[in-house]
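**Q** Okay, so the sequence shown: first residue is 1 according to the UniProt record's numbering, each after it adds one.
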Amino acid sequence: MEQQNNQRSERRSQEQSRNGRGGGNGNGAKGAARGAEKKTRSYKHVQLEHRRPQLSKAGQGQQKQGGQQNARRANFNSPKKDPNATLKIIPLGGLDAIGKNMTVFECKGDMILDDAGLMFPDDDHPGIDLILPDYTYVLENADKLRGIIITHGHEDHTGTLPYLMKDLDRQVPIYGTKMTLGLIEGKFAEHKIKNAKLIEIKPGDQVKLGCFTAEFFAVNHSIPGAVGVFFQSPAGNVLHTGDFKLDQTPIDGVTTDFGALAKFSKAGVDLMMSDSTNAQNPSFTPSEAEVGKELRKIISQARGRVIIASFASHIHRMQQICDAARDNGRKVVVTGRSMIQNTDIARRLGYLNIPDEDIVDAYDLKGIPPEQVVIMCTGSQGEPLSALARIANGEHKTIDLEQGDTVIISATPVPGNEKAVTRVINSLAKIGADVYDKKRAMVHVSGHAGAEELKLVLSIVQPNAFMPVHGEATHLRAHAKLAEATGVPAENVFICENGEGLELSSRGVKRGETVQSGIVFVDGLSVGDTSQDVLDERNALGSQGFASVAAAISSKRKDVVGEVQVEMHGITGGDDDYLVREARTTVKNALKRQLGKGGGQKELKKAARDALLSLLWERTKQRPMAVVNLLEV
Numbered sequence: 001m002e003q004q005n006n007q008r009s010e011r012r013s014q015e016q017s018r019n020g021r022g023g024g025n026g027n028g029a030k031g032a033a034r035g036a037e038k039k040t041r042s043y044k045h046v047q048l049e050h051r052r053p054q055l056s057k058a059g060q061g062q063q064k065q066g067g068q069q070n071a072r073r074a075n076f077n078s079p080k081k082d083p084n085a086t087l088k089i090i091p092l093g094g095l096d097a098i099g100k101n102m103t104v105f106e107c108k109g110d111m112i113l114d115d116a117g118l119m120f121p122d123d124d125h126p127g128i129d130l131i132l133p134d135y136t137y138v139l140e141n142a143d144k145l146r147g148i149i150i151t152h153g154h155e156d157h158t159g160t161l162p163y164l165m166k167d168l169d170r171q172v173p174i175y176g177t178k179m180t181l182g183l184i185e186g187k188f189a190e191h192k193i194k195n196a197k198l199i200e201i202k203p204g205d206q207v208k209l210g211c212f213t214a215e216f217f218a219v220n221h222s223i224p225g226a227v228g229v230f231f232q233s234p235a236g237n238v239l240h241t242g243d244f245k246l247d248q249t250p251i252d253g254v255t256t257d258f259g260a261l262a263k264f265s266k267a268g269v270d271l272m273m274s275d276s277t278n279a280q281n282p283s284f285t286p287s288e289a290e291v292g293k294e295l296r297k298i299i300s301q302a303r304g305r306v307i308i309a310s311f312a313s314h315i316h317r318m319q320q321i322c323d324a325a326r327d328n329g330r331k332v333v334v335t336g337r338s339m340i341q342n343t344d345i346a347r348r349l350g351y352l353n354i355p356d357e358d359i360v361d362a363y364d365l366k367g368i369p370p371e372q373v374v375i376m377c378t379g380s381q382g383e384p385l386s387a388l389a390r391i392a393n394g395e396h397k398t399i400d401l402e403q404g405d406t407v408i409i410s411a412t413p414v415p416g417n418e419k420a421v422t423r424v425i426n427s428l429a430k431i432g433a434d435v436y437d438k439k440r441a442m443v444h445v446s447g448h449a450g451a452e453e454l455k456l457v458l459s460i461v462q463p464n465a466f467m468p469v470h471g472e473a474t475h476l477r478a479h480a481k482l483a484e485a486t487g488v489p490a491e492n493v494f495i496c497e498n499g500e501g502l503e504l505s506s507r508g509v510k511r512g513e514t515v516q517s518g519i520v521f522v523d524g525l526s527v528g529d530t531s532q533d534v535l536d537e538r539n540a541l542g543s544q545g546f547a548s549v550a551a552a553i554s555s556k557r558k559d560v561v562g563e564v565q566v567e568m569h570g571i572t573g574g575d576d577d578y579l580v581r582e583a584r585t586t587v588k589n590a591l592k593r594q595l596g597k598g599g600g601q602k603e604l605k606k607a608a609r610d611a612l613l614s615l616l617w618e619r620t621k622q623r624p625m626a627v628v629n630l631l632e633v
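#1: Can you name, in chain order, every residue of its own chain whose Cβ lies under 6 Å from the Cβ of K588, other than the five neighbours on each side?
#2: Looking at the strands, I want to know which residues DSSP matches up with N220.
#3: In this structure, does DSSP put T406 in helix, strand or coil?
#4: Specify the secondary structure class of H240 as computed by DSSP and reduced to three states.
#5: Beta carbon of residue 648, beta carbon of L246: below 8 Å?
#6: E288 and I251 - do their beta-carbons sit closer together than 8 Å?
#7: Check whether the region 422–433 and the region 447–458 touch, using three or more Cβ-Cβ pairs below 8 Å as the test.
#8: So does the region 196–209 actually touch the region 130–141, counting three or more Cβ pairs closer than 8 Å?
#9: Taking only three categories from DSSP, how would you classify H569?
#10: Going by the DSSP bridge assignment, what does Y436 pair with across the sheet?
#11: In this structure, how does DSSP classify I321 when only helix, strand and coil are distinguished?
#12: Under 8 Å, do I298 and I408 count as touching if we go by C-beta distance?
#13: Let me confirm a value: H50 is counted as buried when at least 16 other C-beta atoms fall within 10 Å, else exposed. Which label applies?
#14: To the nearest angstrom, how far is the alpha carbon of S338 from that of G186?
#15: Can you pull the DSSP bridge partners for T103?
#16: Give the DSSP-derived three-state secondary structure of E500 in the structure shown.
#17: What is the rounded straight-line gap between the Cα of N417 and the Cα of A97?
#18: Does V633 come out as helix, strand or coil in the three-state DSSP assignment?
#19: Evaluate contact between the region 276–292 and the region 431–446, counting only Cβ atoms and requiring at least three cross-stretch pairs below 8 Å.
#20: Can you find at least 3 beta carbon pairs, one from the region 179–199 and one from the region 115–122, that sit closer than 8 Å?
#21: My output table needs one value for V534: the three-state DSSP class, helix, strand or coil.
#22: Roughly how many angstroms separate the alpha carbons of F231 and H157, rounded to a whole number?
#23: To the nearest angstrom, how far is it from the Cα of V628 to the Cα of E603?
#24: Ignore the nearest five residues each way along the sequence and tell me which others in E37's own chain have a CB closer than 7 Å to its CB.
#25: Using a Cβ-Cβ cut-off of 8 Å (strictly less than) and excluding sequence neighbours within five positions of E474, which residues of its own chain qualify?
#26: Is it true that the CB of A547 sits closer than 8 Å to the CB of A626?
#27: Going straight from the alpha carbon of S505 to that of I131, what length do you get?
#28: Rounded to the nearest angstrom, how far is the Cβ of A85 from that of A267, given a contact under 8 Å?
#29: What did DSSP end up calling V628 once you bin it into helix, strand or coil?
#30: Quick one: Cα of A32 to Cα of V238, how far?
#31: By how many angstroms is the C-alpha of D257 removed from the C-alpha of V374?
#32: Between G225 and the rest of its own chain, which residues show a CB-CB distance below 8 Å, the 5 nearest in sequence each way excluded?
#33: What are the start and end residues of the beta strand (DSSP E) that includes Q601?
#34: Give the straight-line distance between the Cα atoms of A594 and L579, rounded to the nearest whole angstrom.
#35: Is the distance from the Cβ of S274 to the Cβ of H479 below 8 Å?
#36: Tell me whether the beta-carbon of G242 lies closer than 8 Å to the beta-carbon of R146.
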């Protein structure tokens, strides 16, 4: 073991020397030579709103052969190393939660954006629809932006794109795989964004973006078409894994490309950025195929209809549900807006294979026996307006749940959604449904690598420096320890906050400047206008209630004119006459005392508010939001 550690240390010293840390610049010449020797795949420019793969009726056809298949292949050499160049890596999101993933790469006047995701609100964000990262820095440097790379089609990597596209004053190419661009195209259609420049890439392709060369490699994840990216720049090389796991029996046959990782390691990885979601899971993440076995078993034993709630973007899970349903002689019904939309996109692009005769519209359910139906729906996170929640509450237009039906929640609650999921499960149990979740059977596995998988990838890549991404603080720190355990020096492991940049140069990696970052709330049609103060007021209203005071005063007479009006909403006892009368008297006396002191409007309002809140705290132990309106007569 000691001999292996010595060999690893010697090999790492050689890698560092080759990357210019010893004062030389041998990596540039060798990288250029390697780039000249190899052939790289071409990338295709595809306007998805005009071109679609030609599929059979069942959604199983192949793309027609034609000019696109014979596109000119482009060869890119590795960027020539510049000892004076500096690469800035600036995370704008994704380092304080699992969501809002967005990272800027900037070098020699060129900039690339890697992912543009959002996060969904929780109980601390009443009335908020979506949470975006603050991308002000991108807008301020839009003239440098050469392209946007999207690693896969999940909302936490694509959801901010429509808002960013509306704010940018220029057309910027968006790079992604066929499935990823299909989902983006659907999102753009909802936002009425037209003529977006969508460029399809495949694993193995290289794209030249200013002084950068981005090379894509396949990774296995819970959605088809996921890729990682190897960025080469004059300042050095960065490997971004994207979201991944090491599933060796994947549903679509696509595994994480170990060969590409080894190739990048040989070229020299100055900085590695890697998915930290399951860094605290001490083992390997089970294969998605294990879920299919369990679903098939449950469906075969079910007596009535089977309802399965999962993420609408989990195409691999949907494929296994369809296969299990067909094997048990059941038709598949799809309900829920996003589930219907994603199913249609996945079938048209050839990622979800189910014959037309085996998929039924929810409005055509009448006449089909319950034991011949499997229903795929949204609502795995307990969303109040989702299909599963409406079914559980008896509010769905076409689907009624009956005693003896089987419900499978094929997902893990996102942190913060546990109560909502439990609420839905209890509603289903009251009806008499047989409910399966992850606690009862293996009906869900994660799409993210566990600790042993993360260590394996770190050992293959052998990066000189490491930055954990995609996770909360506990995940990032756990991943940082894994990097140190596999040989990355502790001083070269960087745990950053959103907005805190790193700088990569021939001298290594160091912390750089901090840029504007934060979050932007989407509230109905309003984007960025809702502040934290507004949310604090909403929380106060929801938890403590609301009280208003209206009074007419005369500063000349130093008296209150007429009766003081007090209204209370959401306050215990607020509808009792005696409490209202006591509140009126208390506020009136406080106003009179302040008028006698010659107080102005500000002092009068404060006196009235303090008097009312003191009374309510004494009588109800509540401190509601209080608003005082005074009329001078």
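Built from N, CA and C at the ideal position, the CB exists for glycine as well.
**A** The relevant details are as follows:
#1: For K588, where only same-chain residues beyond five positions count, the Cβ hits under 6 Å are V560 and V564.
#2: Bridge partners of N220: K245.
#3: T406 carries a strand assignment under DSSP once its states are collapsed to helix, strand and coil.
#4: Strand, per DSSP.
#5: Here the chain covers residues 1 to 633 and nothing more, so residue 648 does not appear.
#6: Here I251 is near E288, since their CB atoms are less than 8 Å apart.
#7: In short, these stretches do not touch, since the Cβ pair count stays below three.
#8: Too few Cβ pairs lie closer than 8 Å, so no.
#9: Residue state, collapsed to three classes: strand.
#10: I408.
#11: In the structure shown, I321 falls within a helical segment according to DSSP collapsed to helix, strand and coil.
#12: Against a cut-off of 8 Å, the Cβ pair of I408 and I298 comes out as a contact.
#13: Low local confidence applies: a pLDDT of 39 at H50 is under 50, so the model's placement there is unreliable, with the coordinate-based value given in what follows. Sixteen is the threshold: since fewer than 16 other Cβ atoms of the shown chains lie within 10 Å of the Cβ of H50, the residue is exposed.
#14: Roughly 10 Å between the two C-alpha positions.
#15: In the DSSP assignment, the residues bridged to T103 are P91 and D114.
#16: Strand, per DSSP.
#17: If you take the alpha carbons of N417 and A97, they lie about 14 Å apart.
#18: Note: V633 maps to coil in three-state DSSP.
#19: Yes, since at least three Cβ pairs between the region 276–292 and the region 431–446 fall closer than 8 Å, the two stretches touch.
#20: Flag = no, the region 179–199 and the region 115–122 do not touch.
#21: If DSSP states are grouped into helix, strand and coil, V534 belongs with the helices.
#22: If I take the Cα positions, the gap works out to 18 Å.
#23: Using only the alpha carbons, I get a separation of about 11 Å.
#24: With a pLDDT of only 43 at E37, under the threshold of 50, the placement of this residue in the model should not be trusted; the figure read from the coordinates follows. If we look at E37 and ignore the five residues flanking it on each side, it has no Cβ neighbours.
#25: According to the sequence as given, residue 474 is Thr; it is not Glu. Counting only Cβ-Cβ distances below 8 Å, and skipping sequence neighbours, we find Q280.
#26: At a Cβ-Cβ threshold of 8 Å, A626 and A547 count as neighbours.
#27: Straight across, the Cα-Cα distance linking S505 with I131 is about 34 Å.
#28: With 8 Å as the limit, A85 and A267 do not qualify as a contact, their Cβ atoms being about 17 Å apart.
#29: In the structure shown, V628 sits in a strand (DSSP, three-state: E or B).
#30: Model confidence at A32 stands at a pLDDT of 43, short of 50, so the residue's coordinates are unreliable; what they give is reported in the following sentence. Taking the straight line from one Cα to the other gives about 17 Å.
#31: Pairing V374 with D257, the inter-Cα distance amounts to about 35 Å.
#32: Sequence-distant partners of G225 (beyond 5 residues in either direction) whose C-beta falls short of 8 Å from its own C-beta, in its chain, are H152, G153, G176, T177, K178, M179, T180 and Y351.
#33: Q601 -> not in any beta strand (DSSP E); alpha helix (DSSP H) instead, spanning Q601 to T620.
#34: Before going on, a small fix: residue 594 reads as Gln here, not Ala. Cα to Cα, the separation comes out at about 23 Å.
#35: Contact: yes.
#36: No; because the gap between Cβ atoms is not below 8 Å, this pair is not in contact.
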